[in-house]
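Notes to accompany the following structure.
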Amino acid sequence: MDRFLSSAINRIDAKGRVSVPGHFRSVVQKRGFGELYGLRALDVPAMDVGGTDLLERYESRMANEDPFLQTADDMSFFVHGDGAFMKLDQDGRITVSDFIREHTGITTEVAFVGRGLFFQMWEPERLKAHGAQVRERLLKLRQRASGAAAGSTE
Numbered sequence: 001m002d003r004f005l006s007s008a009i010n011r012i013d014a015k016g017r018v019s020v021p022g023h024f025r026s027v028v029q030k031r032g033f034g035e036l037y038g039l040r041a042l043d044v045p046a047m048d049v050g051g052t053d054l055l056e057r058y059e060s061r062m063a064n065e066d067p068f069l070q071t072a073d074d075m076s077f078f079v080h081g082d083g084a085f086m087k088l089d090q091d092g093r094i095t096v097s098d099f100i101r102e103h104t105g106i107t108t109e110v111a112f113v114g115r116g117l118f119f120q121m122w123e124p125e126r127l128k129a130h131g132a133q134v135r136e137r138l139l140k141l142r143q144r145a146s147g148a149a150a151g152s153t154e
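So for the sequence shown, full-length UniProt numbering puts the first residue at 1; every next one is plus one.
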C-alpha cells in the first residue's frame, strides 16, 4: 500500500524527536521520498506532511495564478513561508521543532493521522476534538441525505 492510512500516537524523546510510525515510514520508502515537506495546515492546528509531491501540488496550483495578483503572493507565502523540509534520521525520527510546536500545540506526544497522499501531525487532544467535529458533520450530512432520499420516494 502506498497511501498514508490509520493513526498512531508517539512520545517525543528528551532530544525533541518523535518516531514516525513504521507503516508511514514504509510509505515514505516505497514512494522514494528522500525528505519530507511539512506545511502548517491552513484551517486546523496540524502539520500536513508528505513528500516533495505535496509541495509540487501546491506549486502547480500557484503556476495557474496571475503572478501580479495578491492571490499568487498569498499562496507563495503560505506554501513557501509556512512550509519546511523535515529530515528523517536513520531511526525514522523527525525533530519536533518550534515551527511545528507553535502551530500545533504539540508538547509531549504527537498524533499521526493518515490522509492518503500525505499525513498530519496533531496534538492528541486537539485531534480528538477535531475528530468528534468531523464525525458530527458527516453524521448530519448522512441524516440529511437519508431524509432527502426518504422524501423523494413518497
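Every residue gets a Cβ at the ideal spot worked out from N, C-alpha and C, and that includes glycine.
| Item | Value |
| --- | --- |
| Can you check DSSP and say which residues form a bridge with Ser19? | Arg93 |
| From this set, Ile12, Leu42, Val18, Gly51, which residue's C-alpha is nearest Lys30's C-alpha? | Gly51 |
| On a Cα-Cα basis, can you pick out the residue from Leu127, Gly151, Gly114 that is closest to Phe4? | Gly114 |
| What number of angstroms, rounded off, separates the C-alpha of Thr108 from the C-alpha of Ala14? | 10 Å |
| Work out the CA separation of Ala72 and Met62 for me, nearest whole Å. | 6 Å |
| Mind checking Phe77: buried by the 16 CB within 10 Å criterion, or exposed? | exposed |
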